[in-house]
Amino acid sequence: MAVIARHCPNITVTVVDISAERIAAWNDSDLDNLPIYEPGLAEVVGKARDKNLFFSTEVDKAIQEADIIFIAVNTPTKTYGKGKGMAADLTYVEQCARRIAKVATSDKIVVEKSTLPVRTAEAIQTILEQSPHNAQFEVLSNPEFLAEGTAVADLFKSDRVLIGGRRTPKGEQAVQALVDIYANWIPREKIVTTNVWSSELSKLVSNAFLAQRISSINSISAICEATGADVEEVAAAVGKDSRIGAKFLKTSVGFGGSCFQKDILNLVYLCQQYGLDEVADYWQGVISINDYQKNRFANRIQQALFNTVNGKKIAFWGWAFKKDTNDTRESAAIYVADQLLSEGAEIVVYDPKVSLARMQMDLQTLLEYRGETETDINGKLAKLYSVDSAAAACTKAHALAVITEWDVFQTQDFETIYTQMEKPAFVFDGRKILNHNQLQSIGFTAYEIGKATES
Ligand code: UGA
60 MAVIARHCPN ITVTVVDISA ERIAAWNDSD LDNLPIYEPG LAEVVGKARD
110 KNLFFSTEVD KAIQEADIIF IAVNTPTKTY GKGKGMAADL TYVEQCARRI
160 AKVATSDKIV VEKSTLPVRT AEAIQTILEQ SPHNAQFEVL SNPEFLAEGT
210 AVADLFKSDR VLIGGRRTPK GEQAVQALVD IYANWIPREK IVTTNVWSSE
260 LSKLVSNAFL AQRISSINSI SAICEATGAD VEEVAAAVGK DSRIGAKFLK
310 TSVGFGGSCF QKDILNLVYL CQQYGLDEVA DYWQGVISIN DYQKNRFANR
360 IQQALFNTVN GKKIAFWGWA FKKDTNDTRE SAAIYVADQL LSEGAEIVVY
410 DPKVSLARMQ MDLQTLLEYR GETETDINGK LAKLYSVDSA AAACTKAHAL
460 AVITEWDVFQ TQDFETIYTQ MEKPAFVFDG RKILNHNQLQ SIGFTAYEIG
510 KATES
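Note that the working numbering has the sequence shown beginning at 60, numbered continuously upward.
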């Protein structure tokens with residue numbers, strides 16, 4: 060929304076939220092206190108705020124005044140009832156639609172910005188049509204393709220903008236109104252218009268394809284370790300084929316983030332609902348390989364440490380699901396930590412942007428969801444620490460595991476770190492960001508994901 064405001068000075072953008080605390084943070088005079096950290100965001104907000112970008116808790120007033128309303132609430136995976144653990148929870152989307160229907164007194168274009176299951180627009184349209192004020196509504200789908208950490212850059216220079224609408228004269232008019240907004244900074248040929256269902260499905264499919272690439276290369280990382288090939292070399296060779304392309308072939312401890320797993324589960328659920336079991340199984344495989352990769356990494360640590368991590372201290376570099384974000388949702392770190400803590404290890408984490416409270420909450424949420432006892436949960440939480448530097452995490456550690464690819468990890472003083480660790484000092488690089496020849500010459504036993512360890 061901030062980027063729309065920045066590019067369209069003639070449009071007034073009002074962001075509303077029912078949380079007064081969040082809105083206060085968006086209005087904070089110190090731009091460092093904005094509730095979301097994204098490179099470039101503070102600058103964009105700073106330039107447009109209080110000119111044509113406003114943050115407010117006056118939801119009803121904003122609904123009444125708007126011509127176009129974007130619904131951008133979260134749609135987490137359901138944790139209860141039918142579709143638990145798979146389907147998207149549409150409670151918040153439905154609440155928004157009901158509120159708009161109740162409050163709006165003039166015609167509106169309502170845009171689905173949240174990622175939603177196919178045919179949600181139909182449900183929104185039905186709810187809106189119950190409006191007591193005879194207002195007319197046109198529902199569009201306009202999914203978001205930006206990635207965290209590069210969100211502002213992605214928005215300034217999108218690969219494409221997708222807008223889905225009904226193939227009726229009113230639907231096409233609404234699509235055109237939204238096209239005209241994006242055309243202020245996105246070249247027209249990059250603005251793709253489709254019917255509503257194609258647009259909703261394309262969002263899920265885009266994320267499924269991206270995640271599939273990561274699971275593909277991660278599955279190959281296991282073969283590389285077994286055969287002596289190097290996954291980085293394989294990815295570079297394979298990616299040179301322009302039909303395949305080089306991007307998104309970086310092996311890792313497993314993908315995380317709020318979107319990939321959620322959207323694939325959503326796709327799997329959708330397939331099951333339509334009786335497409337083979338298709339559902341195919342996409343479920345992308346998640347199975349991701350789980351396998353996280354387990355495999357934790358197992359590798361345990362195996363190398365003479366088959367036991369009990370009572371041993373393991374340093375984690377990184378907890379966020381990727382660099383340049385403080386977001387930890389579905390981060391591989393949570394699962395790897397859980398597995399090692401279950402085996403009696405102590406975990407000491409350094410992440411430049413994530414607090415210990417956040418890490419504890421992540422672990423607790425996972426363990427509660429799994430139904431572990433309070434005693435077990437507290438036992439594990441008591442063995443999870445965080446420190447304020449990468450080097451401090453390694454003091455007296457038996458092993459170092461690189462989980463997130465923060466740049467700062469590449470420029471550490473490894474000679475000093477080596478002297479402070481227990482011997483033999485192990486490094487497990489789950490992101491392939493360190494210089495392994497250097498580490499080995501210092502004396503580390505270094506393991507790199509996707510490459511056989513020379514013995
Ligand atoms: C992802 C998509 O990239 C966006 O296009 C989409 O709009 C967004 O989800 C969404 O649906 O909101 P995001 O989750 O922010 O964006 O992050 P990604 O950069 O896609 O990374 C996801 C995970 O995959 C991270 O854990 C990352 O470390 C991992 N990854 C990524 C790899 O392991 N290897 C790669 O080559 C690339």
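Think of the CB as a built atom: it goes at the ideal place given N, C-alpha and C, for glycine as much as any other residue.
Item                                                                                                                : Value
GLY509 and GLU291 closer than 8 Å at C-beta                                                                         : yes
Residues bridged to LYS372 (per DSSP)                                                                               : GLU405
ASN254 in three-state terms, based on DSSP                                                                          : strand
Proximity of ALA452 and VAL408 at Cβ, strictly below 8 Å                                                            : yes
Near the ligand UGA: THR138 beta-carbon under 7 Å from a heavy atom                                                 : no
THR134 CB to nearest heavy atom of the ligand UGA below 7 Å                                                         : no
Beta-carbon proximity of ILE186 to ALA233, cut-off 8 Å                                                              : no
Beta-carbon proximity list for GLU474, same chain, < 7 Å, skipping 5 on both sides                                  : ILE501
Limits of the unbroken alpha helix (DSSP H) element including TYR151                                                : 150 to 162
Beta-bridge partners of THR504, as assigned by DSSP                                                                 : PHE485
Cα-Cα separation, ALA396 to LEU426                                                                                  : 12 Å
Residue interval of the alpha helix (DSSP H) (run including TYR241)                                                 : 228 to 241
Close beta carbons around VAL467, own chain, < 8 Å, minus the five adjacent residues each side                      : PRO411 and ALA449
Buried or exposed by the 16-neighbour rule on C-beta atoms within 10 Å, applied to ALA365                           : As written in the sequence, residue 365 is Phe, which differs from the Ala given in the question. Exposed, because fewer than 16 other Cβ atoms sit within 10 Å of the Cβ of PHE365.
In chain order, each alpha helix (DSSP H) run of at least 4 residues that lies wholly inside the segment 271 to 352 : 290 to 298 and 319 to 332
Three-state secondary structure assigned by DSSP to GLY105                                                          : helix
Per DSSP, the bridge partner or partners of SER445                                                                  : VAL408
Contact belief for HIS495 with ALA511 at Cβ below 8 Å, rounded distance in angstroms                                : The Cβ separation is near 12 Å, so there is no contact.
GLU207 Cβ short of 7 Å to the ligand UGA heavy atom set                                                             : yes
Alpha-carbon to alpha-carbon, GLN361 and THR367                                                                     : 6 Å
Continuous alpha helix (DSSP H) assignments of at least 4 residues falling wholly in the segment 157 to 196         : 179 to 187
Reduced DSSP secondary structure (H/G/I, E/B, other) of LYS137                                                      : coil
Local Cβ density within 10 Å of MET420, reported as buried at 16 or more and exposed below that                     : exposed
Straight-line gap, LYS216 to ILE245 (C-alpha atoms, nearest Å)                                                      : 7 Å
Per-residue burial, SER165 [other beta carbons within 10 Å of its own, 16 or more giving buried]                    : exposed
Beta-carbon separation (whole angstroms), ARG162 vs ILE122, contact threshold 8 Å                                   : As written in the sequence, residue 162 is Val, which differs from the Arg given in the question. With 8 Å as the limit, VAL162 and ILE122 qualify as a contact, their Cβ atoms being about 5 Å apart.
Range covered by the beta strand (DSSP E) that runs through GLY430                                                  : Counting along the chain, GLY430 falls outside any beta strand (DSSP E), and DSSP gives it neither H nor E.
Backbone secondary structure at LEU222 - three-state DSSP                                                           : The residue you asked about is not Leu; residue 222 is Ile in the sequence shown. DSSP places ILE222 in strand when its eight states are reduced to three.
Neighbour-count burial assignment, SER347, 16 or more Cβ in a 10 Å radius                                           : exposed
SER311: CB within 7 Å of a non-hydrogen atom of the ligand ATP                                                      : Looking for the ligand ATP in the displayed structure turns up nothing; the ligands present are the ligand UGA.
LYS381: CB within 7 Å of a non-hydrogen atom of the ligand UGA                                                      : yes
Cβ-heavy atom distance, THR174 to the ligand UGA, below 7 Å                                                         : yes
Candidates GLU124, ASP119, ARG157 and THR179: closest to ASP148 by CA position                                      : THR179
Buried/exposed call for LYS137, threshold 16 Cβ in 10 Å                                                             : buried
Close beta carbons around GLN331, own chain, < 7 Å, minus the five adjacent residues each side                      : ALA339
Where THR150 falls, given that 16 or more other Cβ within 10 Å makes a residue buried                               : exposed
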